[in-house]
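Right, one structure below, let's go through it.
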Amino acid sequence: MNNNRIIELLEEQPRQYVSGEALSRELQISRTAIWKQIKKLESQGFEIEASRRLGYRLMSKPSQLTLPVLLKKLEGTALVRSIKLLDTVDSTQNVAQRLAEEGAPEGTLIIADHQTSGRGRHGRSWVSPAGKGVWMSLVLRPGIPLQFAPQLTLLAAVALCRALKSVTSLEIGIKWPNDLLIGGKKISGILLESTAEDERLRYVIAGIGVSVNLERGDYPPELLDVATSLLIESGGQIERSDVVAAFIREFEHLYALYQQEGFGPIRTLWEALSVTLHKLTRLYSPAGEFEGTPIGLDERGALLVKKSDGSIVPVFSAEMSAPKAGG
1 MNNNRIIELL EEQPRQYVSG EALSRELQIS RTAIWKQIKK LESQGFEIEA SRRLGYRLMS
61 KPSQLTLPVL LKKLEGTALV RSIKLLDTVD STQNVAQRLA EEGAPEGTLI IADHQTSGRG
121 RHGRSWVSPA GKGVWMSLVL RPGIPLQFAP QLTLLAAVAL CRALKSVTSL EIGIKWPNDL
181 LIGGKKISGI LLESTAEDER LRYVIAGIGV SVNLERGDYP PELLDVATSL LIESGGQIER
241 SDVVAAFIRE FEHLYALYQQ EGFGPIRTLW EALSVTLHKL TRLYSPAGEF EGTPIGLDER
301 GALLVKKSDG SIVPVFSAEM SAPKAGG
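Numbering (full-length UniProt numbering), first residue to last: 1 to 327.
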């Protein structure tokens, strides 16, 4: 594995340059091949400084997600029963769904270092580079009626928002239904996919993607105005295992609360964290588009929108534009 050997050689001389010639001689490959391997390492989150005259030196490594560290940080929790740490997958949702169909119990957690086809709501793709984010899916078997599935989406948004605020102290809010925003820019994706039988949920796969340590160069230009990361907003690297552990702890607490007391407490928490409410906006629903002011959630989890004529309508599925200034 040339990549691993290059890192080993650079680590042998911390913060010092190692010439391309020395690396080429040690690995018995051309200097052009060394350069290509360096570029591959950089795409995986390694920061390597290159000098035409001096060679290469390792400045920083991506935070590594390891099973011992995760288990240590999850001590005292009961929800997660097994963790599968994977290197590269198409989507953690796909892996979790296959395992759920095979009978994987509630609390099976799939985490990947890299997704090649990460996806969000409405089939959108999700930028998921190696070593820089949290890309995970959790198998749930809540045994509740199918119509209550949207409530779990809102619960996941509250859990993730509370978790990220605790890890970073950043001002993070929820845009309905489950987008997390900092200064109007998206930092995470939440996708719950379910399978039902006889109008009850057989299982739910809760997919969570968090842009933790992505830099501006990791995003395609067209996303720079709408997407951001915890690193960009905080100015420093965030330990990814802290993000995973904080989310699981929050989700476990809220999931137990939901099962004991229903949706009421979750609704109150969601409304307190929302950046959507009481601002005039335009919604694009299957029934058509209209303007209105979201005023809260109903007991089912629908967004209550007050229209210009004073009527209040529940909305279960819609795209929402940015709130209007002064609305």
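Glycine included, C-beta positions come from ideal geometry on N, C-alpha and C.
Taking residue 182 as reference, the option from 192, 190, 197 and 165 with the minimal CA-CA separation is 165.
Membership of residue 72 in any beta strand (DSSP E) is not indicated; the residue belongs instead to the alpha helix (DSSP H) covering 67-73. Secondary structure at residue 176: coil, using DSSP grouped into helix, strand and coil.
Per DSSP, reduced to three states, the secondary structure at residue 166 is helical. Taking a C-beta distance under 7 Å as the contact criterion, residue 65 and residue 321 do not qualify as a contact pair. The shortest C-alpha to C-alpha distance from residue 247 to any of 279, 267 and 207 is the one to 207. Secondary structure note for residue 234: its alpha helix (DSSP H) is the uninterrupted segment 230-234.
CA-to-CA, the gap between residue 85 and residue 143 works out to about 27 Å.
Beta-carbon to beta-carbon, residue 153 and residue 109 are separated by about 18 Å, too far to satisfy the 8 Å threshold.
Rounded to whole angstroms, the separation of the alpha carbons of residue 115 and residue 13 is 32 Å. Selection 146, 159, 270 and 213 evaluated against residue 200 yields 146 as nearest (Cα-Cα). Closest in C-alpha terms to residue 88, from the list 259, 131, 53 and 8, comes 131.
Burial check for residue 260: the Cβ neighbour count within 10 Å stays below 16, so the residue is exposed.
The segment 93-100 and the segment 209-220 do not touch, with fewer than three beta-carbon pairs separated by less than 8 Å. Residue 99 and residue 202 have their C-alpha atoms some 13 Å from each other. A Cβ-Cβ distance of about 5 Å is found for the pair residue 297 and residue 267, placing them in contact under the 8 Å criterion. With a 10 Å radius around the Cβ and a threshold of 16 neighbouring Cβ atoms, residue 105 comes out exposed. Excluding its 5 nearest sequence neighbours in each direction, residue 307 has C-beta neighbours in its own chain below 7 Å: 290, 292 and 313, listed in chain order.
Assigned with DSSP and collapsed to three states, residue 95 falls in helix. About 18 Å separates the CB atoms of residue 286 and residue 311; that is not less than 8 Å, and the two are not in contact. If you ignore the 5 residues before and after residue 97, its C-beta comes within less than 6 Å of the C-beta of 205, all in its own chain and listed in chain order. The beta-carbon separation of residue 190 and residue 270, rounded to 12 Å, does not stay under the 8 Å limit for a contact.
Secondary structure at residue 291: strand, using DSSP grouped into helix, strand and coil. CA-to-CA, the gap between residue 187 and residue 75 works out to about 27 Å.
By a beta-carbon distance limit of 8 Å, residue 304 does not contact residue 176. Their separation comes to about 11 Å. Residue environment for residue 198: exposed (fewer than 16 other C-beta atoms within 10 angstroms of its C-beta).
Separation of residue 26 and residue 217 (C-alpha to C-alpha, rounded to the nearest whole angstrom) is 31 Å.
A residue is called buried once 16 or more other Cβ atoms fall within 10 Å of its Cβ, and residue 228 is buried on that count. Close CB contacts of residue 19 within its chain, under the 6 Å cut and outside five residues either way in sequence, are with 55 (chain order). Taken atom to atom, the span from the alpha-carbon of residue 234 to that of residue 32 is near 36 Å.
7 Å or more divides the Cβ of residue 172 from the Cβ of residue 136. Per DSSP, reduced to three states, the secondary structure at residue 278 is coil, with no helix or strand assignment. Per DSSP, the unbroken beta strand (DSSP E) holding residue 87 starts and ends at 82-89. In the three-state scheme derived from DSSP, where H, G and I count as helix and E and B as strand, residue 215 is classed as coil. Annotation: the continuous alpha helix (DSSP H) that includes residue 246 extends over 240-261.
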